[in-house]
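Chemist: Protein sequences appear in the order of chains C and G.
If you read the first sequence in my numbering, its first letter stands for residue 1, the second for the next number, and so on.
If you read the second sequence in my numbering, its first letter stands for residue 336, the second for the next number, and so on.
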Amino acid sequence: MMSRGTRLVVVLLALAVACALPFTLSNFRLFQFTQVYIYAIAILGLNMLTGYNGQFSLGHGAFYAIGAYISAIMMDRWNVHYGWTIPVAGVLCLVVGFLFGLPALRLEGLYLALATFSLALAVPQILKYFEHWTGGSQGLVLSKPSAPFGLPLNPDQWLYFVTLAVLVVLFWLGANLLRGRVGRAIVAIRDNHIAAEAMGVNSALYKSLTFGVSAAYTGVAGALSASAIAYVAPDSFNVFLSITLLIGSVIGGLASISGAIFGAFFIQFVPNWAQDISKAAPWAIFGVFLIVFMYVMPFGIAGAIRLLWIRARRSRVAQVPESRETAPTQAPTSS
Amino acid sequence: MTFARKFLAVVAAVGVVGMALAPAVSAQTVVGVTATEIKIGNTNPYSGPASAYGTIGKVIGAYFKKVNDEGGINGRKINYITYDDGYAPPKTVEMVRKLVEADQVALLFQTLGTPPNSAIHKYMNQQKVPHLFVATGATKWNDPKNFPWTMGFQPNYQTEGRVYAADVLKNHPNAKVGILYQNDDYGKDYLKGFEDGMGEAGKKLIVMKQSYEVTDPTIDSQIVNLKNSGATVFFNITIPKFAVQAIKKAHDIGWKPVHYLNNVSSSLATVLKPAGLEASKGLITALYMKEVTDPQWRNDKGFTDWVAFMKKYYPEGALDDQANAYGYNVAILMTIVLKQAGNDPSRENLMKQAASLKNVELPLLLPGIKVNTSPTDFAPIEQEQLARFNGEKWELYGDMFDAFRKN
Chain C
1 MMSRGTRLVV
11 VLLALAVACA
21 LPFTLSNFRL
31 FQFTQVYIYA
41 IAILGLNMLT
51 GYNGQFSLGH
61 GAFYAIGAYI
71 SAIMMDRWNV
81 HYGWTIPVAG
91 VLCLVVGFLF
101 GLPALRLEGL
111 YLALATFSLA
121 LAVPQILKYF
131 EHWTGGSQGL
141 VLSKPSAPFG
151 LPLNPDQWLY
161 FVTLAVLVVL
171 FWLGANLLRG
181 RVGRAIVAIR
191 DNHIAAEAMG
201 VNSALYKSLT
211 FGVSAAYTGV
221 AGALSASAIA
231 YVAPDSFNVF
241 LSITLLIGSV
251 IGGLASISGA
261 IFGAFFIQFV
271 PNWAQDISKA
281 APWAIFGVFL
291 IVFMYVMPFG
301 IAGAIRLLWI
311 RARRSRVAQV
321 PESRETAPTQ
331 APTSS
Chain G
336 MTFARKFLAV
346 VAAVGVVGMA
356 LAPAVSAQTV
366 VGVTATEIKI
376 GNTNPYSGPA
386 SAYGTIGKVI
396 GAYFKKVNDE
406 GGINGRKINY
416 ITYDDGYAPP
426 KTVEMVRKLV
436 EADQVALLFQ
446 TLGTPPNSAI
456 HKYMNQQKVP
466 HLFVATGATK
476 WNDPKNFPWT
486 MGFQPNYQTE
496 GRVYAADVLK
506 NHPNAKVGIL
516 YQNDDYGKDY
526 LKGFEDGMGE
536 AGKKLIVMKQ
546 SYEVTDPTID
556 SQIVNLKNSG
566 ATVFFNITIP
576 KFAVQAIKKA
586 HDIGWKPVHY
596 LNNVSSSLAT
606 VLKPAGLEAS
616 KGLITALYMK
626 EVTDPQWRND
636 KGFTDWVAFM
646 KKYYPEGALD
656 DQANAYGYNV
666 AILMTIVLKQ
676 AGNDPSRENL
686 MKQAASLKNV
696 ELPLLLPGIK
706 VNTSPTDFAP
716 IEQEQLARFN
726 GEKWELYGDM
736 FDAFRKN
């Protein structure tokens with residue numbers, strides 16, 4: 001494990017780089033990085049549920065869509081400032097996720113995956129029914145937020161910083177949650193829920209709460225995406241989005257906070273590379289990438305980096321006796 | 336002043352000057368065009384739920400290859416850059432920003448789908464990049480006042496709805512009209528055009544409106560309801576799957592109204608044959624293109640040229656897929672605009688030329704249909720002609736309907 005100090009240095013360095021990007025990259029690249037951060041927030045949400053708590057979800061695209069539509073409808077119908085719509089989307093998705101989590105308690109593993117999948121299938125169609133609010137399949141056209149207080153930033157730069165700020169806050173909150181008492185309870189339920197209950201963990205409550213918080217993170221991501229794209233439509237949130245988020249969380253590293261960011265980079269850029277490599281069969285290339293990543297990095301990108309770090313340190317201090325820091329035999333539990 | 340401070344001051348000064356100069360420079364140079372090349376951007380759903388339409392993006396690429404093989408246009412080869420957006424608007428936004436900002440295309444052409452185009456509508460007009468001949472039947476692309484950089488292509492659904500209304504009023508003024516429509520924007524656009532076209536008379540004549548969801552398994556009960564309403568005219572606003580069901584069911588229960596079928600489902604191969612040619616006899620639709628599965632065009636020059644082109648440049652494309660004819664037509668229109676732009680391929684002039692097409696004929700449009708645009712008219716094809724199915728082919732009848740002239 002990295003020491004606390006080293007971790008802080010790495011995080012601060014990454015933040016410094018992130019803050020410098022808007023002044024070195026083109027607006028288009030910046031837009032892509034904004035997308036990466038949005039995906040990272042959503043993936044962290046999914047990761048809490050799947051990686052830490054062991055509940056599968058193939059339906060997080062639905063929460064993403066709900067968050068996006070809450071934000072879009074507030075902006076479109078009531079002219080609410082986009083900044084307010086983000087926490088509202090988060091809270092409402094928390095409630096929806098918690099409520100969905102209650103019946104989902106009775107479902108385990110693959111059955112839960114199917115139940116959530118049905119959510120992903122249903123939401124885009126349900127959105128079309130409330131045409132008065134959602135604009136039907138035509139969607140809602142929004143305007144892109146611009147920088148306040150006359151800050152010398154263009155809309156892309158401003159949105160980048162807003163997203164980065166939300167990301168930092170949510171990751172900080174998420175890290176505190178997962179590394180503390182609550183996090184241990186969540187992981188304990190995943191590893192052995194009977195043992196966890198014997199220790200006094202309220203399994204049902206924690207599972208539902210994890211579902212709620214997970215949905216809230218994804219909903220916030222959706223709300224940010226509504227502003228970044230400046231348009232929402234049911235077609236934006238098809239089933240593939242849910243699967244993409246799951247791919248991101250597995251490739252990045254399940255049960256890893258930094259993994260969410262790596263996973264987000266993967267789902268943002270690898271499909272584009274695949275398209276650059278082969279116009280004829282980009283998804284076949286994407287599949288090859290997936291398999292290679294899974295084969296080379298069975299614990300995701302975050303897991304692979306951790307292994308490399310451990311090895312590098314061990315070779316430097318070779319005299320240190322074999323400690324418990326051998327290759328993990330199960331999914332790593334924190335980063 | 337320390338060295339570092341001096342350095343910073345210089346950098347800042349250069350930055351400010353650079354920023355001040357940047358717009359001036361880009362306004363002078365012609366984006367996306369060199370002496371030997373013009374870059375054209377496109378997005379299409381090569382994957383995802385609408386991937387059946389992806390063939391349009393491919394046939395366009397094949398046609399541009401033919402143009403390049405023949406020497407290009409005004410000495411320039413077309414560099415056609417097309418990306419997959421999977422029919423997902425966020426991906427469209429990303430890919431279009433890549434085309435405009437990173438690839439620096441001269442213009443965007445035939446981006447496909449109403450939601451994907453809605454997502455980039457504002458952006459294209461803010462960037463002042465031509466957004467030409469979009470592949471969607473929605474009505475909003477003809478809005479030169481608010482969106483002077485976006486232009487549609489095909490007749491929109493409302494126009495077509497008005498064509499049927501005009502025919503009903505002319506030939507069946509005392510009819511009872513029953514309508515079946517898909518409950519979404521597509522269906523409602525048709526319905527609005529039809530009801531607008533009927534005007535006051537519609538309130539009296541339309542006796543029943545039934546709708547269905549695209550997810551419904553069948554529409555049998557709606558057809559029975561329509562029959563029981565006593566309707567003598569049936570306006571059928573359905574996509575191919577349901578059109579087949581509707582034609583069959585009406586035939587099976589012995590309901591024989593004057594049956595108007597929307598153009599969306601006018602294909603012989605995918606609708607009329609599966610529904611049964613006997614049951615399809617007497618159907619009326621509005622056409623603007625030559626139906627490629629219709630035997631009457633077999634020896635038509637436009638059709639045979641298209642077949643020859645398909646065999647040489649796009650052999651994997653299906654010859655019974657109307658989308659391949661559609662893409663061929665619109666690609667030709669694009670090259671006509673490029674030719675017209677001559678030696679000034681700036682974005683302003685490209686848009687100006689696209690908005691000054693006069694009586695242009697395309698090989699796979701019906702004879703007599705001409706493309707016309709003007710600075711106040713961004714709807715290139717506004718003519719359609721009614722046709723009746725005689726059990727073998729679509730037989731054109733009546734006058735050419737021209738929405739622009741409102742006849």
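Note that beta-carbon positions come from the ideal geometry of N, C-alpha and C, so glycine has one too.
1. Using a Cβ-Cβ distance under 8 angstroms, would G/Arg432 count as near chain C?
2. Just how far apart, CA to CA, sit G/Asp531 and G/Gln557?
3. Quick check on DSSP: helix, strand or coil for G/Pro358?
4. Tell me the residue span of the alpha helix (DSSP H) that contains C/Gly287.
5. Looking at C/Gln275: is its Cβ nearer than 8 angstroms to the Cβ of C/Gln32?
6. When we look at the beta-carbon of C/Ala165 and count the other beta-carbons within 10 Å, is it buried (16 or more) or exposed?
7. C/Asp235 versus chain G: which residues are under 7 angstroms apart at the beta carbon?
8. Let's see if you can read the secondary structure: which residues bound the beta strand (DSSP E) around G/Gly528?
9. Taking 8 angstroms as the CB-CB limit, is G/Glu436 close to chain D?
10. Where do the ends of the beta strand (DSSP E) carrying G/Gln517 lie?
11. Can you give the beta carbon distance from C/Arg190 to C/Tyr39, rounded, assuming they're within the 8 angstroms contact cut?
12. Can you give me the C-alpha to C-alpha distance between G/Lys674 and C/Cys19, rounded to a whole angstrom?
13. Bridge partners of G/Phe724, per DSSP?
14. Indicate whether at least one CB of chain C lies closer than 8 angstroms to the CB of G/Asp520.
15. Under 8 angstroms, CB to CB, which of the residues in the segment 586-609 of chain G have a partner in chain C?
16. Could you spell out the range, first to last residue, of the beta strand (DSSP E) harbouring G/Val593?
17. Which residue marks the beginning of the beta strand (DSSP E) containing G/Gln545, and which one marks its end?
18. So, does the segment 543-563 of chain G touch the segment 469-478 of chain G, judging by three or more C-beta pairs under 8 angstroms?
19. Where does G/Ser382 sit, in a helix, a strand or coil, going by DSSP?
20. Assign C/Leu46 to one of two classes, buried (16 or more other C-beta atoms within 10 Å of its C-beta) or exposed (fewer than that).
21. Tell me where the beta strand (DSSP E) around G/Phe444 begins and ends.
22. Do three or more CB pairs link the segment 227-247 of chain C to the segment 134-147 of chain C at distances below 8 angstroms?
23. With DSSP as the reference, please indicate the residues paired to G/Ser709 in a beta bridge.
24. Under 8 angstroms, with one C-beta from each stretch per pair, do the segment 71-90 of chain C and the segment 233-253 of chain C reach the 3-pair mark?
25. In its own chain, which residues sit with a C-beta less than 7 angstroms from the C-beta of C/Val101, not counting the 5 before and 5 after it?
26. From G/Thr390, G/Gln489, G/Leu515 and G/Glu683, pick the residue whose C-alpha is nearest to that of G/Thr449; which is it?
27. Counting only the same chain and skipping the five closest in sequence on each side, list residues whose C-beta sits under 7 angstroms from that of C/Leu254.
28. Between G/Ala660 and G/Val706, which are expected to be in contact by the criterion C-beta below 8 angstroms, what is the C-beta distance as a whole number of angstroms?
29. Of the residues G/Asp555, G/Pro650 and G/Ile514, which one's Cα is nearest the Cα of G/Leu332?
30. Indicate whether at least one CB of chain C lies closer than 8 angstroms to the CB of G/Val428.
31. Pick helix, strand or coil for G/Lys687, following the three-state DSSP scheme.
32. Taking the Cβ atom as the reference point for each residue, do C/Gly222 and C/Tyr111 lie within a distance shorter than 8 angstroms?
33. Rounded to whole angstroms, what's the CA-CA distance from G/Ala714 to G/Glu495? Just pull it up for me.
34. Do we get a CB-CB distance below 8 angstroms when we pair G/Tyr418 with the residues of chain C?
35. Reducing DSSP to helix, strand and coil, say where C/Ser76 ends up.
36. Suppose contacts are defined by Cβ-Cβ distances below 8 angstroms. Is G/Val665 in contact with G/Ala689 by that definition?
Modeler: Quick look at the numbers:
1. As a first step, residue 432 of chain G must be located in the second sequence, where it is residue number 97. Taking Cβ atoms only, chain C reaches closer than 8 angstroms to G/Arg432, which makes this a yes.
2. The residue given as residue 531 of chain G occupies position 196 in the second sequence. The residue given as residue 557 of chain G occupies position 222 in the second sequence. Near 23 angstroms, if we compare the C-alpha coordinates of G/Gln557 and G/Asp531.
3. Locating residue 358 of chain G in the second sequence gives position 23, counting from the first residue. The pLDDT assigned to G/Pro358 is 42, lower than 50, so where the model puts this residue is not dependable, and the model offers no usable value.
4. Working through the first sequence from its first residue, we reach residue 287 of chain C at position 287. Looking at the DSSP string, the run of the alpha helix (DSSP H) that includes C/Gly287 is Pro282 to Val296.
5. Taking the first sequence and counting its residues from 1, the one referred to as residue 275 of chain C is at position 275. Taking the first sequence and counting its residues from 1, the one referred to as residue 32 of chain C is at position 32. Contact: no.
6. Position 165 of the first sequence, counting from 1, holds the residue named residue 165 of chain C. It is exposed - the Cβ of C/Ala165 has fewer than 16 other Cβ atoms within 10 Å.
7. The sequence position of residue 235 of chain C within the first sequence is 235, counting from 1. Ordered by position in chain G, the residues that pass the 7 angstroms Cβ test against C/Asp235 are Tyr422, Ala423, Pro424 and Pro450.
8. Looking up residue 528 of chain G in the second sequence gives position 193. That residue, G/Gly528, is in no beta strand (DSSP E); its alpha helix (DSSP H) goes Asp520 to Met533.
9. In the structure shown, chain D does not exist; the protein chains are C and G.
10. Numbered from its first residue, the second sequence carries residue 517 of chain G at position 182. Looking at the DSSP string, the run of the beta strand (DSSP E) that includes G/Gln517 is Val512 to Gln517.
11. Residue numbering aside, residue 190 of chain C sits at position 190 when the first sequence is read from its first letter. Residue numbering aside, residue 39 of chain C sits at position 39 when the first sequence is read from its first letter. Their Cβ separation, rounded to whole angstroms, is 23 angstroms, which puts C/Arg190 and C/Tyr39 out of contact at 8 angstroms.
12. For the purposes of this step, residue 674 of chain G is taken as the residue at position 339 of the second sequence. For the purposes of this step, residue 19 of chain C is taken as the residue at position 19 of the first sequence. Between G/Lys674 and C/Cys19, the C-alpha separation is close to 47 angstroms.
13. As a first step, residue 724 of chain G is located in the second sequence; it is residue number 389 there, counting from the start. Beta-bridge pairing links G/Phe724 to G/Trp729.
14. Looking up residue 520 of chain G in the second sequence gives position 185. True, the Cβ-Cβ gap to chain C drops below 8 angstroms.
15. Of all residues in the segment 586-609 of chain G, none has a C-beta nearer than 8 angstroms to a C-beta of chain C.
16. Your numbering for residue 593 of chain G matches position 258 in the second sequence. Unbroken beta strand (DSSP E) run through G/Val593: Val593 to Leu596.
17. Indexing the second sequence from 1 puts residue 545 of chain G at position 210. Per DSSP, G/Gln545 belongs to the beta strand (DSSP E) from Ile541 to Tyr547.
18. no
19. In the second sequence, the residue the question calls residue 382 of chain G occupies position 47. In the structure shown, G/Ser382 sits in coil (DSSP, three-state: anything other than H, G, I, E or B).
20. As a first step, residue 46 of chain C must be located in the first sequence, where it is residue number 46. It is buried - the Cβ of C/Leu46 has at least 16 other Cβ atoms within 10 Å.
21. Taking the first residue of the second sequence as position 1, residue 444 of chain G is located at position 109. Here the beta strand (DSSP E) through G/Phe444 covers Leu442 to Phe444.
22. yes
23. As a position in the second sequence, residue 709 of chain G is number 374, starting the count at 1. Note: G/Ser709 is bridge-paired with G/Asp712 in the DSSP secondary-structure output.
24. no
25. On the first sequence, residue 101 of chain C is found 101 positions in, with the first residue counted as 1. Sequence check: residue 101 of chain C is Gly here, not Val. Lys207, Ser208, Phe211 and Gly212, listed in sequence order.
26. Counting from 1 along the second sequence, the entry for residue 449 of chain G is found at position 114. Looking at the Cα atoms, G/Gln489 is the closest of the given residues.
27. Within the first sequence, the letter at position 254 stands for residue 254 of chain C. The answer, listed in chain order, is Asn47, Thr50, Gly51, Gly300 and Ala331.
28. Here residue 660 of chain G is taken as the residue at index 325 of the second sequence, counted from 1. Here residue 706 of chain G is taken as the residue at index 371 of the second sequence, counted from 1. About 15 angstroms separates the beta carbon of G/Ala660 from that of G/Val706, a gap too long to meet the 8 angstroms contact definition.
29. The question about residue 332 of chain G has no answer, for chain G in this structure spans 336 to 742.
30. Walking along the second sequence from the start, residue 428 of chain G turns up at place 93. So, interface residue.
31. Locating residue 687 of chain G in the second sequence gives position 352, where the first residue counts as 1. Three-state result, G/Lys687: helix.
32. Here the question's residue 222 of chain C lines up with position 222 in the first sequence. Here the question's residue 111 of chain C lines up with position 111 in the first sequence. No, they are not a contact pair.
33. Here residue 714 of chain G refers to the residue found at position 379 when the second sequence is read from its first residue. Here residue 495 of chain G refers to the residue found at position 160 when the second sequence is read from its first residue. Straight-line Cα distance between these residues: approximately 13 angstroms.
34. Here residue 418 of chain G refers to the residue found at position 83 when the second sequence is read from its first residue. Using beta-carbon distances, G/Tyr418 counts as an interface residue toward chain C, with a partner under 8 angstroms.
35. One-based indexing of the first sequence puts residue 76 of chain C at position 76. Correcting the residue identity first, residue 76 of chain C is Asp in this sequence and not Ser. Residue state, collapsed to three classes: helix.
36. For the purposes of this step, residue 665 of chain G is identified with residue 330 of the second sequence, where counting begins at 1. For the purposes of this step, residue 689 of chain G is identified with residue 354 of the second sequence, where counting begins at 1. Cβ distance not < 8 angstroms, so G/Val665 and G/Ala689 don't count as in contact.
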